[in-house]
Amino acid sequence: GNSVTQMEGPVTLSEEAFLTINCTYTATGYPSLFWYVQYPGEGLQLLLKATKADDKGSNKGFEATYRKETTSFHLEKGSVQVSDSAVYFCALARGGAQKLVFGQGTRLTINP
Amino acid sequence: DAGVTQSPTHLIKTRGQHVTLRCSPISGHKSVSWYQQVLGQGPQFIFQYYEKEERGRGNFPDRFSARQFPNYSSELNVNALLLGDSALYLCASSPAGSYNEQFFGPGTRLTVL
């Protein structure tokens with residue numbers, strides 16, 4: 227079946243550090259891939275997405291590239307801020323299906 | 011524009027009771043999906059409704075049911091509550107024709123004692 231595996235957390239970094247959160251997936255066909263962010267006490271917000279191989283999604287300084295050959299969609303940011311502290315979820319959806327399959331989430335804490 | 015709204019925000023129930031959670035999608039969105047997020051885990055898909063019809067169902071027991079109304083709002087019902095049903099229940103809405111672009115509400119925190 228379809229599944230998403232994320233880097234184990236929690237991750238703690240200093241402000242302005244480089245961030246990578248690893249995400250790999252298993253799916254038949256060609257899924258769309260997403261990163262969602264969940265701030266404390268809030269619901270999920272779509273951070274970025276990519277719908278086909280080699281697409282790069284980007285938003286708010288975050289980037290992720292859809293790598294079909296390695297079935298990966300790693301999240302990166304060049305210089306993190308305290309306000310980036312949140313839980314990050316990698317997810318996939320097959321074709322036109324509305325069903326999102328999420329990873330277990332990675333808690334990120336940025337210290338000033 | 012208002013985002014997805016859910017009510018109530020928090021709810022405490024005891025085992026065996028039933029619960030109804032409500033969701034109002036973003037104006038113009040015709041699809042609503044429900045997810046269960048147990049503490050420390052990623053959300054799990056429960057249902058998807060589009061134009062008042064069930065279009066998808068996750069691996070949840072029949073105690074879970076849902077429906078969508080003519081105004082596209084939705085209810086999630088859970089009967090015979092178990093301790094393991096304690097979770098954050100998230101509703102997400104999507105515009106018609108925009109597959110996979112889902113917008114999430116803040117969730118309802120259900121605690122079963």
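Protein chains in written order, with this note's numbering: chain Y, 227 to 338; chain A, 11 to 123.
All C-beta atoms, glycine included, are put in the ideal place defined by N, C-alpha and C.
Just so we're clear, the structure is a prediction, and the values are computed from it rather than from any experiment.
Cross-chain neighbours of residue 288 of chain Y in chain A, by beta carbon under 8 Å: If you number the first sequence from 1, residue 288 of chain Y lands on position 62. Per Cβ cutoff of 8 Å: no residues; residue 288 of chain Y is ~18 Å from chain A at best.
Beta-ladder partner(s) of residue 43 of chain A, from DSSP: Reading the second sequence from its first residue, position 33 is the one you call residue 43 of chain A. DSSP lists A:58, A:102 as partners of residue 43 of chain A.
Buried versus exposed, by CB contacts within 10 Å (16 or more), residue 48 of chain A: Position 38 of the second sequence, counted from the start, is the residue given in the question as residue 48 of chain A. When all chains shown are included, residue 48 of chain A counts as exposed.
Contact belief for residue 53 of chain A with residue 260 of chain Y at Cβ below 8 Å, rounded distance in angstroms: For the purposes of this step, residue 53 of chain A is identified with residue 43 of the second sequence, where counting begins at 1. For the purposes of this step, residue 260 of chain Y is identified with residue 34 of the first sequence, where counting begins at 1. With a Cβ gap of about 12 Å, residue 53 of chain A and residue 260 of chain Y do not count as contacting.
From A:74, A:93, A:39, A:97, residue whose alpha carbon lies closest to that of residue 123 of chain A: In the second sequence, counting from the first residue as 1, residue 123 of chain A sits at position 113. Here the closest residue by C-alpha is A:93.
Ordered list of beta strand (DSSP E) runs contained in the segment 241–293 of chain Y, each at least 3 residues: 245–247, 249–252, 257–264, 270–276, 282–285, 288–291
Contact with chain A by residue 331 of chain Y, beta-carbon distance below 9 Å: Position 105 of the first sequence holds residue 331 of chain Y. Residue 331 of chain Y counts as touching chain A.
Limits of the beta strand (DSSP E) - the one that residue 29 of chain A falls within: Counted from its first residue, the second sequence places residue 29 of chain A at position 19. Run containing residue 29 of chain A: 29–34, per the beta strand (DSSP E) assignment.
Pair within 9 Å by beta-carbon distance, residue 251 of chain Y and residue 299 of chain Y: For the purposes of this step, residue 251 of chain Y is taken as residue 25 along the first sequence, with counting starting at 1. For the purposes of this step, residue 299 of chain Y is taken as residue 73 along the first sequence, with counting starting at 1. Against a cut-off of 9 Å, the Cβ pair of residue 299 of chain Y and residue 251 of chain Y comes out as a contact.
Min CB distance residue 100 of chain A to chain Y below 9 Å: Taking the first residue of the second sequence as position 1, residue 100 of chain A is located at position 90. So, interface residue.
Own chain residues within Cβ distance below 6 Å of residue 23 of chain A, not counting five before or after: Position 13 of the second sequence holds residue 23 of chain A. Cβ neighbours of residue 23 of chain A beyond the five flanking positions: 29, 91, 122.
Per-residue DSSP class, three states only, for residue 309 of chain Y: As a working note, residue 309 of chain Y is residue 83 in the first sequence. Correct three-state label for residue 309 of chain Y: helix.
Backbone CA spacing between residue 294 of chain Y and residue 279 of chain Y [nearest angstrom]: By 1-based counting over the first sequence, the position of residue 294 of chain Y is 68. By 1-based counting over the first sequence, the position of residue 279 of chain Y is 53. Approximately 6 Å, taken between the alpha carbons.
Where the segment 66–87 of chain A meets chain Y: residues whose CB sits under 8 Å from a CB there: 66, 68
8 Å contact criterion, which residue 99 of chain A and residue 58 of chain A should meet: CB distance rounded: Here the question's residue 99 of chain A lines up with position 89 in the second sequence. Here the question's residue 58 of chain A lines up with position 48 in the second sequence. That belief does not hold up - the Cβ atoms of residue 99 of chain A and residue 58 of chain A are roughly 14 Å apart, past 8 Å.
Sequence-distant residues of its chain with Cβ nearer than 7 Å to residue 40 of chain A (five each side left out): Locating residue 40 of chain A in the second sequence gives position 30, where the first residue counts as 1. Cβ within range, chain order: 60, 61, 82, 106.
Proximal chain Y residues relative to residue 53 of chain A, where beta-carbon distance stays under 8 Å: By one-based count along the second sequence, residue 53 of chain A stands at place 43. Those are 270, 315, 326, 328, listed as they occur along chain Y.
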